[in-house]
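If you're matching positions, the sequence shown starts at 1 in UniProt numbering and goes up one per residue. We put the beta carbon where it would ideally sit given N, CA and C, even for glycine. Since the structure is predicted, the reported quantities are computational estimates derived from the model, not experimental observations. See below for the structure under consideration.
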Amino acid sequence: MAEQYLTLNGNKFYYDEISEYSFRNSIPLNGYESNTLEFCRNWLNGIQEFPIQTSGSTGVPKTITLTRKQLEASARRTVKLLQLQAGDCTFICLNTEYIAGMMMLIRGFLADLQMIIVEPIGNPLTLVGNDHKIEFASFVPMQLHAILSETPERLQQLDSMKGILVGGAPLTPTQQRELQQIKAPVYHTYGMTETASHIALRKLNGADAAAYYNVLDDIKVGLDKRGCLTIKGDITNNETLITNDIVELLTPTRFRWLGRADNTINTGGVKVQVETVELAIATAMIGMENPPRFFIASQPDEVLGDRIVLIIEGAPLPQQDEKELFTRMSDLLKKFEMPKEVYYSPGFTETSTGKLSRQRTLQKLGLFTD
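Take a look at the structure:
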C-alpha cells in the first residue's frame, strides 16, 4: 500500500509521522500549521471527542464538543453525495480550527482523499498550480468571487471538479450570476457547528438550480412554534436541535430559508425581515462599479420604536450615487422597509472565519452598546 500523506502549505507530511509527531523538532511550523496537524494527529490516533469553537457570527463564540461518530456521519453524507473516490484530490482552504475546514479534513481521511491544505486567503487557488486537478473544494462566497474575477483562467480548474461547496454567508445576486459560468455543480450549504457542518444543500448553478435546500439522507427537519427549523439525526445524537432560522418547509425534506428570527426588526409595529431587505438592496446595487458590502440594522426611534438604517463599507458614496441608490431601493422596498439613514464604516469587522460580525461593526461605529 502506498504511503499516505497530506500537503500543508507546500510541505508533505506522512500520516505515520503525523500520528507520532515525529517531525515536530525538525520542521519549523507556524501556529496555523501546528493546530491543523494537532487535529490530524488526534484524528489518526482515534480520539473520540473533539472540542470545537463556534464562529461567533451571530453571537458570542462558544466551545462545544462533538463526537467522532457525529463527525463521521456528516462526512459520509457529503462523500456519498459527491461520489468522491479514494485518491481524489480535495483542496482545503477554510480555517481548519472551525467546523467547515475541520470537516474537509475529516472527509479527506474518511474517503482516503489526497489533501492539499493551504492557509485561508482571499484567492486561495493562487497557492496551487493551475494544472493541478482537484475534484472537491469548499469556499466562502468572497473566495469564489475573487477566483472568478481576479483569475478567470482558473475557471477550467473549477469546471473539472466533482462538486464545489460554498457557505458561511449568503450570496449576493451578483455572486449567484457569476457562478452560472461554472460547469461543475456548486452547492450552497446550510448547517452549523452544532450539526457537524451542513445538513442540507441548495444547487446554485445549472438547469436544476433551486431556491430551496434539500435535506441530506436520514435527517429529520420540522418547525417550532416560531416557524424556525428543527433538526434531528445522528449528527445531533438523535436529539432535536432548535435553530433560530425561519424557513418555509416545502416538503419533509425540502425548505426555503427566509432569515433568522433574531434578524427581525419591529418598526412602527410592522415586523421586517432583515434578509429580505438586504436582498432587495443587493439587487438595487447591480450595475454599480465595485458595489460595496453592506448590511441593515436598527436604531432606537421615538416614533417608530426602531428605525431601519443602512451600513455601507468604505468611503461615503458621492451624493448623486447615494441618491440614485435610494431611488432604486424605493422601487423594490415598501415604505416601512426603506432605510431611514445611511452610515459608512471604513471597514467591517469580521470573525476569525471571515464572516461579517454585525454586532462588532456597529459597536465600532458607536451604534450598538449592548
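DSSP places Lys-225 outside both helix and strand once states are collapsed to three, so it counts as coil. Closest in alpha carbon position to Tyr-98, among Glu-275, Glu-194, Asn-263, is Glu-194.
The C-beta distance from Arg-107 to Val-140 rounds to 17 Å, too long to fall under 8 Å, and the pair is not in contact.
For the pair Leu-204 and Leu-179, the CB atoms are nearer than the 7 Å cut-off. Counting the other CB atoms within 10 Å of its CB gives Pro-318 a total below 16, which places it among the exposed residues. Within the same chain, Cβ atoms closer than 6 Å to the Cβ of Arg-358 are found at Phe-295, the five residues on either side in sequence being excluded. As DSSP reads the structure, Asp-306 sits in a beta bridge with Pro-300.
According to the DSSP assignment, Glu-20 belongs to the alpha helix (DSSP H) that extends over 15-20. In this chain, the beta strand (DSSP E) harbouring Glu-248 covers 241-251. The beta carbon of Cys-228 lies closer than 8 Å to those of Ile-242, Thr-243, Asn-244, Asp-245, Ile-246, Val-247, Ala-261 in the same chain, with the five residues before and after it left out. Leaving aside the five residues that flank Asn-237 on each side, the residues in its chain whose CB is nearer than 7 Å to its CB run, in chain order, Gln-70. If you look at Leu-6, you'll find it isn't in any alpha helix (DSSP H); it sits in the beta strand (DSSP E) that goes 5-8. Under the DSSP definition of a beta bridge, Ser-345 partners with Glu-313.
Secondary structure within the segment 25-104: the beta strand (DSSP E) runs of 3 or more consecutive residues, fully enclosed, are 49-53, 63-67, 89-92 (chain order).
The beta carbon of Val-272 sits closer than 6 Å to the beta carbons of Ile-265, Glu-337 from its chain, once the five residues preceding and following it are set aside; these are given in chain order. C-alpha of Thr-90 to C-alpha of Leu-84: approximately 9 Å in a straight line. Separation of Ala-100 and Ser-197 (C-alpha to C-alpha, rounded to the nearest whole angstrom) is 6 Å.
If you draw a straight line from the Cα of Gly-347 to the Cα of Leu-362, it comes to about 11 Å. Between Asn-123 and Glu-150, the CB-CB gap stays under 7 Å. When DSSP states are grouped into helix, strand and coil, Gly-366 belongs to the coil group.
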